[in-house]
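Notes for the one structure printed next.
Protein chains: 2
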Amino acid sequence: MGRPRKFREQDVLAAARRQFNETGYHGTSVDDLSRATGLSKGSLYGAFGDKEALFQRIFEEYCADSDQGAAARLEGPEDQALDRLRQWLTAPDDHTGRPGCLLAKATAELASENDAIATRSLAAYETLLDSCRRLVEQAQRAGHLDPAADAEVLGGLILTTHRGLEALAKAGVDAKTRNRIADAAIDSIALPVC
Amino acid sequence: MGRPRKFREQDVLAAARRQFNETGYHGTSVDDLSRATGLSKGSLYGAFGDKEALFQRIFEEYCADSDQGAAARLEGPEDQALDRLRQWLTAPDDHTGRPGCLLAKATAELASENDAIATRSLAAYETLLDSCRRLVEQAQRAGHLDPAADAEVLGGLILTTHRGLEALAKAGVDAKTRNRIADAAIDSIALPVC
DNA sequence: CGGGTTCTGGACCGATGGTTCAGAACGGGT
DNA sequence: ACCCGTTCTGAACCATCGGTCCAGAACCCG
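Note that the protein sequences, when read in sequence, are chains A and B.
Taking the working numbering, I'd label the letters of the first sequence as residues 28 to 221.
Taking the working numbering, I'd label the letters of the second sequence as residues 28 to 221.
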């Protein structure tokens with residue numbers, strides 16, 4: 028009954044996510060979203076509510092992807108744990124759930140004015156940090172890490188390194204340089220220097 | 028001759044910098060700036076041109092502060108080089124030239140839409156990275172660092188750690204936790220584990 | 001084929017954005 | 001004392017913002 032939708036919600040959300048990720052929340056007008064998604068403003072409002080609700084939904088899915096992505100890396104052979112994490116953190120940015128882009132951007136831009144975003148963002152980071160910590164523990168058990176090292180701190184290092192790389196990417200630093208930094212940084216954790 | 032200014036340019040720039048740093052570029056209206064600086068909108072335009080010109084000027088000074096701040100840490104006893112860097116990177120945020128806040132924020136928010144900002148931001152990061160590298164070299168000479176370590180990568184680690192901490196601060200992570208992470212991260216660089 | 005439902009795109013609204021400008025305020029020079 | 005140049009101020013301006021609404025086309029089901 029009734030006229031069926033001409034668009035897939037998933038596609039629209041993906042397009043809107045891309046737009047938000049590129050131009051930020053304040054930098055993206057509803058007209059931009061309309062252009063990016065191919066939907067008229069009326070349809071957007073009918074399907075998702077207002078701009079903030081749309082962003083909240085996208086952000087929530089983004090965080091969920093981050094949570095799940097980190098958890099997924101915990102499964103599998105323990106001695107390859109850090110390799111999996113490394114691959115995830117340095118993968119090309121295809122906007123399919125890798126943490127850092129929208130998460131970092133939204134946090135910086137909106138945390139001071141939107142409590143819901145700030146809370147969710149902090150939770151996502153804690154989950155990510157926790158996964159990093161457990162991955163490092165796995166690596167320790169597999170003998171790939173100095174047992175004396177503080178796992179949480181190392182997890183934080185991976186996380187913050189990744190976030191810095193994200194920012195460097197935005198600043199125009201080329202992928203080769205970023206990968207070299209990432210490789211060396213993570214290797215220095217997985218394989219103690221001395 | 029002519030009516031004298033009722034404000035000091037320096038004070039206005041500092042207030043505007045604080046405002047931009049807090050609410051971002053798009054998130055800050057000219058009314059906000061007027062309120063924060065105490066100047067009427069007309070005076071702001073008369074003194075600094077439009078909003079973008081004002082931001083560009085503030086950003087340029089911010090980057091210059093960053094450049095100079097990093098360079099300043101290169102002077103002094105070599106065996107305290109990393110201590111000086113650490114103190115600078117972890118100092119409380121008083122908006123007096125410490126890099127990371129406006130630099131990171133502006134890069135994330137504007138790099139994709141403003142070439143001038145992107146270019147200047149990248150240059151500031153390169154300078155900062157270079158200073159970090161030279162600081163690490165100093166520490167190496169003073170015997171405080173594993174000679175086999177890659178200086179640039181370690182500098183990048185410090186930088187990216189700092190930027191991550193900045194983001195964590197915005198996300199609401201308390202200062203004690205951040206300092207603990209920073210201390211351990213930088214100690215792990217300055218003092219090889221084994 | 002017709003009735004009920006949903007989608008669609010454009011018109012519309014009040015609010016707010018950045019920007020401009022005419023005139024008042026003021027100090028120094030003559 | 002008077003003018004001149006500069007600065008300050010606040011109102012006015014117009015484009016655009018986010019948000020709402022509606023008339024009609026599109027579609028499914030009976």
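By construction, the Cβ of each residue, glycine as well, lies at the ideal position given by its N, Cα and C atoms.
Remember, it's a predicted structure, so these values are computed and weren't measured experimentally.
Residue j beta carbon less than 8 Å from that of residue i
i: Asp92 of chain B; j: Thr154 of chain B; result: no
i: Arg44 of chain B; j: Leu129 of chain B; result: yes
i: Ala133 of chain A; j: Ile144 of chain A; result: yes
i: Thr64 of chain B; j: Ala42 of chain B; result: yes
i: Gly103 of chain B; j: His53 of chain A; result: no
i: Leu71 of chain A; j: Phe34 of chain A; result: no
i: Ser25 of chain A; j: Ala74 of chain A; result: Nothing about residue 25 of chain A can be reported from this structure: the residues present for chain A run from 28 to 221 only.
Under the three-state DSSP convention, the category residue i falls into
i: Phe34 of chain B; result: coil
i: Glu105 of chain B; result: helix
i: Glu136 of chain A; result: helix
i: Asp120 of chain A; result: Its pLDDT being 48, under 50, Asp120 of chain A is placed unreliably in this model, and the coordinates cannot settle the point.
i: Asp173 of chain B; result: Any reading at Asp173 of chain B needs caution, since the residue's pLDDT is 44, under 50, leaving its predicted position unreliable; the model's value is listed next. Three-state DSSP puts Asp173 of chain B in coil, outside helix and strand.
i: Asn141 of chain B; result: coil
Supposed close pair residue i, residue j - CB separation, criterion 8 Å
i: Leu60 of chain B; j: Gln83 of chain B; result: Their Cβ separation, rounded to whole angstroms, is 14 Å, which puts Leu60 of chain B and Gln83 of chain B out of contact at 8 Å.
i: Arg161 of chain A; j: Leu101 of chain A; result: 6 Å
i: Arg147 of chain A; j: Glu87 of chain A; result: 7 Å
Entirely enclosed alpha helix (DSSP H) segments - the stretch 39-101 of chain B, minimum 4 residues: Counting only runs of 4 or more, we get 57-64, 68-75 and 78-99.
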